[in-house]
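Chemist: Just so you know, the sequence shown maps onto residues 1439 to 1750 in our numbering.
For glycine and all other residues, C-beta sits at the position ideal for the given N, C-alpha and C.
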Amino acid sequence: MMSKCNVTGTFTLSVPKQYVKRHVGDTERNICLQCLGKRWEVQFGGRPEEKRIISGWRRFVKDNDVEMGDICIFELLKKCKTCTMEVHIIHTKDIDTPSKICQQRHREVVKIMEHSHSLPQLKEMQLRNETVEDAIVHPEPKQIQPPSLERRIRLQRDKSSQGSKRDSLSSEDTDHEEGALPDCILARFTRLTTDQKKAVKEKVQFIDSETPIFVAMMQQTNVTGRYTLSLSKKYINKYLGDEVRSICLERLGERCQVWFGRRPQDKRIIGGWTKFVKANEVEVGDICLFELLKHRKLCAMKVHIIRAKDFS
């Protein structure tokens, strides 16, 4: 059942460790969520022992209008090559019953789902286009009504306003460059092919960050010789702050502290960058996407890498 932290603020979802260990696997970090024929990629948190879904969950919540009190049922599809879960949503606003009966329904749904991996019940229900609620027997069954017209209009208005806000933000930060990618800021000398733009766009949508993603294609000076990386002054002033002199870079659960140059006006990452490049085998032509982690006490960024060899 969705609580406030699941659908607002940081938008996270904790999964029981025992469930992950028994049915998903400790090494699995990515999950594909399916709902009404659409797919969303989500990721667990950075640390291996962390079982909170963070990246991608915000987009799933927004796209499916998930609200506090809604019941989400996650069905693991074992026959898929990648870890995939079908999500069945029971919206609390669509159930015209008192809160105590809602809680009773929730307990009954959980009881049914405990045996979902041993019974083909959900598969048969999907073929009949039924929901889990249809399988629960009540003394006085009530038909679940589709979302009201007012609710659908509100959802469409929220999505439109959110899209307009992001478009204006990205266009402002990229100085209206021709072919600029939405929701990201390109580093100087970064020129992307059509295939690379497509890959970056898909990655940015998957990350689903509140702030634009800083994108840099690695040049010779970034991965050899002095090993430096210049960040956009506009990006630093607007999202990091001039007072920031060091950044904690995170990738695949590992952290690496890097520092800017000694002069306050120097916007080049120098100290620690060599260690990060070698530890992650960054090469010329690789595209690094820097995601600002806003809810940290110290400045931290998660780095996503698109390898150049994937386009060769």
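For Ile-1574 and Leu-1515, what's the separation of their Cα atoms in angstroms?
Modeler: Confidence in Ile-1574 is poor, its pLDDT being 46 and thus under 50, which makes the residue's placement unreliable; the coordinate value appears in the next sentence. Their Cα atoms are separated by approximately 22 angstroms.
Chemist: When we look at the beta-carbon of Cys-1726 and count the other beta-carbons within 10 Å, is it buried (16 or more) or exposed?
Modeler: Result: buried.
Chemist: What's the C-alpha gap between Lys-1671 and Lys-1459?
Modeler: Each residue's alpha carbon lies about 44 angstroms from the other.
Chemist: By the 10 Å Cβ neighbour count, where 16 or more other Cβ atoms means buried, how is Phe-1627 classified, buried or exposed?
Modeler: Per the 10 Å Cβ criterion, exposed.
Chemist: List, from N- to C-terminal side, the beta strand (DSSP E) runs of 3 residues or more that fit wholly inside the stretch 1472-1523.
Modeler: Counting only runs of 3 or more, we get 1476-1481 and 1509-1515.
Chemist: Assign Tyr-1673 to one of two classes, buried (16 or more other C-beta atoms within 10 Å of its C-beta) or exposed (fewer than that).
Modeler: With 16 or more Cβ atoms within 10 Å of its Cβ, Tyr-1673 is classed as buried.
Chemist: CA-CA distance, Asn-1444 and Thr-1662?
Modeler: Going by the C-alpha atoms only, they are around 43 angstroms apart.
Chemist: Run through DSSP, which three-state label would Asn-1468 get?
Modeler: Residue state, collapsed to three classes: strand.
Chemist: Does DSSP put Phe-1728 in a helix, a strand or coil?
Modeler: If DSSP states are grouped into helix, strand and coil, Phe-1728 belongs with the strands.
Chemist: Could you name the residues of the same chain whose beta carbon sits closer than 7 angstroms to that of Tyr-1665, not counting the 5 residues immediately before and after it, in chain order?
Modeler: Around Tyr-1665: Trp-1711, Thr-1712 and Val-1715.
Chemist: Return the CA-CA distance between Phe-1449 and Gly-1483, expressed in angstroms with no decimal places.
Modeler: So the two alpha carbons sit approximately 12 angstroms from each other.
Chemist: From Cys-1737 to Lys-1705, what does the alpha carbon distance come to, in whole angstroms?
Modeler: Cys-1737 and Lys-1705: Cα-Cα distance of roughly 15 angstroms.
Chemist: Can you check whether the CB of Pro-1650 is closer than 8 angstroms to the CB of Cys-1622?
Modeler: In contact: Cys-1622 and Pro-1650 (Cβ atoms closer than 8 angstroms).
Chemist: Taking 8 angstroms as the threshold, find out whether the stretch 1493-1507 comes into contact with the stretch 1516-1523 through three or more Cβ pairs.
Modeler: As far as the Cβ criterion goes, the stretch 1493-1507 does not touch the stretch 1516-1523, which means the pair count is below three.
Chemist: Are the CB atoms of Val-1741 and Leu-1687 nearer to each other than 8 angstroms?
Modeler: A contact, by the Cβ cut-off of 8 angstroms.
Chemist: Out of Val-1682, Trp-1697 and Lys-1442, which one is the CA nearest neighbour of Lys-1735?
Modeler: The option with the nearest alpha carbon to Lys-1735 is Val-1682.
Chemist: Could you compute how far the alpha carbon of Arg-1701 sits from the alpha carbon of Leu-1474?
Modeler: Straight-line Cα distance between these residues: approximately 54 angstroms.
Chemist: Output the distance between the C-alpha atoms of Ile-1528 and Ser-1441, rounded to the nearest integer angstrom.
Modeler: The straight-line gap from Cα to Cα measures roughly 14 angstroms.
Chemist: Give every residue of the same chain whose Cβ lies closer than 6 angstroms to the Cβ of Val-1642, excluding the five residues on either side of it in the sequence, and list them in chain order.
Modeler: Here the set comprises Asp-1621, Cys-1622 and Ile-1651.
Chemist: Is it true that the CB of Arg-1467 sits closer than 8 angstroms to the CB of Gln-1481?
Modeler: Yes; because the gap between Cβ atoms is below 8 angstroms, this pair is in contact.
Chemist: Could you give the C-beta distance for Glu-1729 and Met-1656, rounded to a whole number, given that I count them as a contact under 8 angstroms?
Modeler: Not a contact, Cβ separation roughly 17 angstroms.
Chemist: Name the DSSP beta bridge partners of Val-1696, please?
Modeler: The partner list for Val-1696 (beta bridge, DSSP) reads Ile-1685.
Chemist: Thinking Asp-1724 and Ile-1708 are a contact (beta carbons under 8 angstroms), I'd like their distance in whole angstroms, please.
Modeler: Rounded, the Cβ-Cβ distance is 19 angstroms, inconsistent with contact.
Chemist: Please state the DSSP three-state secondary structure of Leu-1451.
Modeler: Three-state result, Leu-1451: strand.
Chemist: Please return the same chain residues whose Cβ sits closer than 7 angstroms to the Cβ of His-1733, not counting the five positions on each side in sequence.
Modeler: Thr-1448.
Chemist: Going by Cα to Cα distance, which pick from Gly-1494, Thr-1530 and Lys-1519 is closest to Asp-1508?
Modeler: Nearest of Gly-1494, Thr-1530 and Lys-1519 to Asp-1508, Cα basis: Thr-1530.
Chemist: So what's Ile-1528 in DSSP terms, helix, strand or just coil?
Modeler: Here Ile-1528 sits in strand by DSSP.
Chemist: Please list the terminal residues of the continuous beta strand (DSSP E) segment that includes Lys-1740.
Modeler: 1738-1744 is the span of the beta strand (DSSP E), which, as asked, contains Lys-1740.
Chemist: Taking the alpha-carbon positions, what's the Ala-1625 to Ile-1492 distance?
Modeler: Cα to Cα, the separation comes out at about 26 angstroms.
Chemist: Identify which residue in Met-1439, Ser-1452, Lys-1489 and Leu-1451 has its Cα closest to the Cα of Gly-1463.
Modeler: Minimum Cα distance to Gly-1463 is reached at Lys-1489.
Chemist: Express the C-alpha separation of Ser-1684 and Val-1696 in angstroms, rounding to a whole number.
Modeler: When rounded, the distance between both Cα atoms is 6 angstroms.
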